[in-house]
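110 is the number of the first residue of the sequence shown in the working numbering; add one for each residue after it.
Quick reminder that beta carbons are idealized off the backbone N, C-alpha and C, glycines included.
Step one of this worksheet: look at the structure below.
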Amino acid sequence: MGPARADARFCSPKCRAKWNRDMGMPKQMRKAARWVRNDAQKRPLSARTGRMVDVSNPESWATFEAAKASPVGAGMGYVIGGNNIGCIDLDHCFRGGQLEPWAREILDQYPDALLVEVSRSGEGLHIFTELPEGDAKRIRDGRNIEYYPPNSVRYVAVTGHKFWRD
Numbered sequence: 110m111g112p113a114r115a116d117a118r119f120c121s122p123k124c125r126a127k128w129n130r131d132m133g134m135p136k137q138m139r140k141a142a143r144w145v146r147n148d149a150q151k152r153p154l155s156a157r158t159g160r161m162v163d164v165s166n167p168e169s170w171a172t173f174e175a176a177k178a179s180p181v182g183a184g185m186g187y188v189i190g191g192n193n194i195g196c197i198d199l200d201h202c203f204r205g206g207q208l209e210p211w212a213r214e215i216l217d218q219y220p221d222a223l224l225v226e227v228s229r230s231g232e233g234l235h236i237f238t239e240l241p242e243g244d245a246k247r248i249r250d251g252r253n254i255e256y257y258p259p260n261s262v263r264y265v266a267v268t269g270h271k272f273w274r275d
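Have a look at this one:
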């Protein structure tokens with residue numbers, strides 16, 4: 110269910126309270142201890158120390174709760190891998206506030222995505238969904254697509270700002 114008013118951010122006070130608890134992140138992602146913090150340039154940081162980390166090192170990861178509670182940096186990131194969850198990152202996919210047709214085609218291929226959120230720039234989308242293992246890919250053919258399968262051990266800066274499908 111979307112917001113009751115076009116300018117409403119939440120559909121009800123209950124929805125607002127739930128978002129404040131879990132930032133709109135799906136349970137499959139919240140329960141995995143695959144979280145880091147990040148700085149304003151989206152560099153990954155330890156939720157414990159605030160130092161830059163190598164996201165391929167599980168020692169640098171934190172639980173969702175620890176990363177959310179940490180005062181370090183400017184935001185949070187999710188490390189792809191280990192639980193069949195991958196991410197399709199669509200950069201610069203809005204024009205005049207509207208989703209580009211190429212991005213809509215891709216989004217429509219994942220109706221059961223766990224989370225579709227607007228990226229930190231406000232110009233892109235992250236589609237978190239179950240994906241098969243494979244090679245990470247970048248497609249730059251007029252579209253800006255990055256494909257991170259579950260075995261790619263990449264991290265994505267998350268916002269929790271859900272994209273409401275039409």
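The three-state secondary structure of Asp250, taken from DSSP, is coil.
Residue environment analysis places Cys120 among the exposed positions, since fewer than 16 neighbouring C-beta atoms fall within 10 angstroms of its C-beta. Nearest C-alpha to Gln150 among Met134, Gly184, Thr172 and Glu209: Gly184.
Annotation for Leu199: the continuous beta strand (DSSP E) segment containing it runs Ile194 to Asp200. The beta carbon of Ala266 lies closer than 7 Å to those of Asn147, Lys151, Gly184, Gly186 and Arg229 in the same chain, with the five residues before and after it left out. Straight-line measurement puts the Cα of Leu240 at about 14 Å from the Cα of Arg263. Under the DSSP assignment, Arg146 falls in the beta strand (DSSP E) whose first and last residues are Trp144 to Asn147. With three or more CB-CB distances shorter than 8 Å, the stretch 132 to 144 counts as touching the stretch 219 to 239.
Contact check for Ile194 against Leu223 passes: the beta carbons are separated by less than 8 Å. Taking a C-beta distance under 8 Å as the contact criterion, Ala176 and Val145 qualify as a contact pair. When beta bridges are read from the DSSP output, Met185 appears opposite Arg146 and Val267. Of all C-beta pairs linking the stretch 200 to 212 to the stretch 248 to 258, three or more are shorter than 8 Å, placing the two stretches in contact.
Taking the CA atoms as reference points, Gly243 sits about 7 Å from Asn260. Contact between Val188 and Val164 holds: their C-beta atoms lie close to 5 Å from each other, under 8 Å. Under the three-state reduction of DSSP, Gln137 is assigned to helix.
Sixteen is the threshold: when 16 or more other Cβ atoms of the shown chains lie within 10 Å of the Cβ of Glu226, as they do, the residue is buried. Rounded to the nearest angstrom, the gap between the Cα atoms of Asp217 and Ala245 is 21 Å.
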